[in-house]
Structure formats: structure tokens, C-alpha cells
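Numbering (the UniProt record's numbering), first residue to last: 1 to 345.
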């Protein structure tokens, strides 16, 4: 076994603390990655708290991983030692089901999540708040040397989560795109929307976010709780991408869609929506969701970012400050993503 170290929660709601553990031996098609940076996702907090499903403890979170290949298996040919590589939210799938064959490996019923899951041998998986990881080469992604590595880490989750639906719905030049929320996901949605050629408007309940939205490249800003501003954009948008995980009434936002407009949700609210049938039926509106991306799509997104010099806006932290970062993240006190420098482990 390979000796590893990281930060783990030993039980539900426990603060993260140093922990030593073991990774599996390098398989013939595996690669070992020296982890350089790992993004901090809000789902890390949800998992530690068992808010979505029962957790596996001790738990080492982290699924926005960027690092350098330190070893390759005998029959692994995708990477060589020294190459940059990334790991996202899942590290294995069956490769045989309809989802896998259609490029939607993230939805494979037998898929293995990067952490808080069990692998095919029944062993728990541990995430990127650690110094090293071993995975099958197919589930590691090439990272361009052109990109800032720390700022690239959140692309492995927040990046592809917003890129995927924009590409699927062919959002681009001539389209008006509304982005709801300006956090870790929302700020990437703005960057991708602008890069794809859309006219981008940010919707937020916080008027003080207007300057930041425009600085990110948004063309317009609307305070969504201001009735007059909302009336001014009635029936104006081809697409709305909702990145908010809070519980709120989406019906007013449905009114800004044009006929045949599409409302795309990537947020994970804790309570069900209450939607007026009139909000959807009148105007032939579509409400859809999107979750992460398949292997080819993640690589496509990373290549797109390299070509357009797109990365996340991040605050790099020492790992000893991770518990404080969780507290700040819950207060919205980060622009726009924390990233752990694993050299501080």
C-alpha cells in the first residue's frame, strides 16, 4: 500500500484534522498523482454533515484536484511522469452501461465518487485534501501548462458544471443568457457565457455585486428582488442558468424567458420548488437540470479554458485554515473559491 497523509473528519460534523492513511498500490493502468492544489466545494461541507446521504468516516474531502504525475502503471500510456493532471468528482465507472457509452460517465449507476464512496473492491475512497492519489488513467485529465494551477482546480467541478449545459444547449452568439447567482458556479457561468459569445446578464439579490459582475465580463446586472428592474427584462432571455443552492421562489425568474426559453438549474436546493404551471405553459418554457460532465466533456472544458485563458477567481489557503474556510464559505465570504495549497500539508 502507498502511505498518504491529509486532513479528515473522523465522524459526522467533526472538524478536519491531520490524518495518515493508505492508498492502493499502483495498478497496471493506474497513475499516481502528487496533489499540488485542491479546490474547496460547498458539497464538502454537505458530505461531512451527512446532509445528502450517510457518510463514510473517516472522510477526506476534495474533488477539485490538480497535481503532477509521480508514477505510471506498466500499461498506462496516457501520461508520463511529470505531466500535469486533474481529477474531478468521480474516479471510476462501469464503462459498459448506456450512460458510459454515451459519454455520461458521471451518471453511471456503478460509478465511484472521488471520496465518501467505496471502490470496486469495497474500500473507501479518499479525496484531494491529501498529498497523493491513485486512480485509473482514464479518469485523470490533462492540464495545460498555460493555466494557473491553483485557479484551475475549481474547473474540475464548478467549471464543468456550468460549461456542460451551456454547450449542450448551444448557447452562443446571438443569445441572451441570464446567470442567477454570483458565487463559485455563477462567476464561471459568466466567464463561459461571455467566451461563447452570449450577451450575459447577472441576476442577484445583492445590489453590491454589480461591480464584480461587470468586472467578470457580464454585460448587464439585475437586482432580482427589485420589481421594476425585473419588469424591464420581462420576456427577454433565451436561457437562464440558475447556480443558486438556496431555497427561493423561481417563478419571477421564469417570466424573463422568451417563448421557448430554457431555464437550466445546476444548484442543489434542499427543498422542492413550487412552480406555477402558468409560468411554464405560457411561452412553451423548458425547465431542465444539469450535473457535472462526462470524461470527454471535462477534457473539452479544460482545453477550452486553456485556449481562452479562463480560470476561476480563487483565494489560496493553507490547509491548516480549512475549518475557518468552511465557516467563511457558509457566510459567502469568498470570491469565489477557496483552493488549498497542498504544499502546506
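Note that beta-carbon positions come from the ideal geometry of N, C-alpha and C, so glycine has one too. This one's a predicted model, so the numbers in the text were calculated from it and none came from an experiment.
Taking the straight line between their C-alpha atoms, what separation do you get for residue i and residue j?
| i | j | result |
| --- | --- | --- |
| residue 8 | residue 61 | 7 angstroms |
| residue 312 | residue 339 | 10 angstroms |
| residue 245 | residue 270 | 7 angstroms |
| residue 198 | residue 236 | 13 angstroms |
| residue 315 | residue 216 | 16 angstroms |
| residue 10 | residue 274 | 37 angstroms |
| residue 48 | residue 107 | 22 angstroms |
| residue 57 | residue 323 | 17 angstroms |
| residue 66 | residue 148 | 10 angstroms |
| residue 160 | residue 183 | 15 angstroms |
| residue 298 | residue 308 | 15 angstroms |
| residue 177 | residue 24 | 45 angstroms |
What is the C-beta distance between residue i and residue j, in whole angstroms, given that I count them as a contact (C-beta under 8 angstroms)?
| i | j | result |
| --- | --- | --- |
| residue 243 | residue 181 | 4 angstroms |
| residue 136 | residue 208 | Contact doesn't hold; Cβ gap of about 45 angstroms is too wide. |
| residue 128 | residue 35 | 6 angstroms |
| residue 131 | residue 1 | That belief does not hold up - the Cβ atoms of residue 131 and residue 1 are roughly 15 angstroms apart, past 8 angstroms. |
| residue 31 | residue 79 | 5 angstroms |
Here's the rule: buried if 16 or more other CB atoms are within 10 angstroms of the residue's CB, otherwise exposed. What is residue i?
| i | result |
| --- | --- |
| residue 20 | exposed |
| residue 122 | exposed |
| residue 281 | exposed |
| residue 337 | buried |
| residue 259 | exposed |
| residue 98 | exposed |
| residue 77 | exposed |
| residue 114 | buried |
| residue 44 | buried |
| residue 116 | buried |
| residue 75 | exposed |
Less than 8 angstroms between the C-beta atoms of residue i and residue j, yes or no?
| i | j | result |
| --- | --- | --- |
| residue 221 | residue 202 | yes |
| residue 205 | residue 223 | yes |
| residue 88 | residue 38 | no |
| residue 239 | residue 261 | yes |
| residue 69 | residue 82 | yes |
| residue 142 | residue 268 | no |
| residue 165 | residue 290 | yes |
| residue 200 | residue 212 | no |
| residue 6 | residue 345 | yes |
| residue 152 | residue 185 | no |
| residue 12 | residue 325 | no |
| residue 42 | residue 329 | yes |
| residue 28 | residue 73 | yes |
| residue 288 | residue 317 | no |
| residue 196 | residue 172 | yes |
| residue 33 | residue 150 | no |
Identify, in the order they occur along the chain, each residue of the same chain with its Cβ nearer than 8 angstroms to the Cβ of residue i, setting aside the five sequence neighbours on each side.
| i | result |
| --- | --- |
| residue 252 | 224 and 230 |
| residue 247 | 269, 270 and 271 |
| residue 284 | 259 and 260 |
| residue 319 | 7, 129, 340, 341, 342, 344 and 345 |
Once you ignore the five residues that flank residue i on each side, which residues in its own chain have a CB closer than 6 angstroms to its CB?
| i | result |
| --- | --- |
| residue 144 | 306 |
| residue 103 | 294 and 296 |
| residue 52 | 46 |
| residue 110 | 94 |
Cutting at 7 angstroms between CB atoms, please list the residues of its own chain near residue i, excluding the five before and the five after it.
| i | result |
| --- | --- |
| residue 119 | 92, 112 and 125 |
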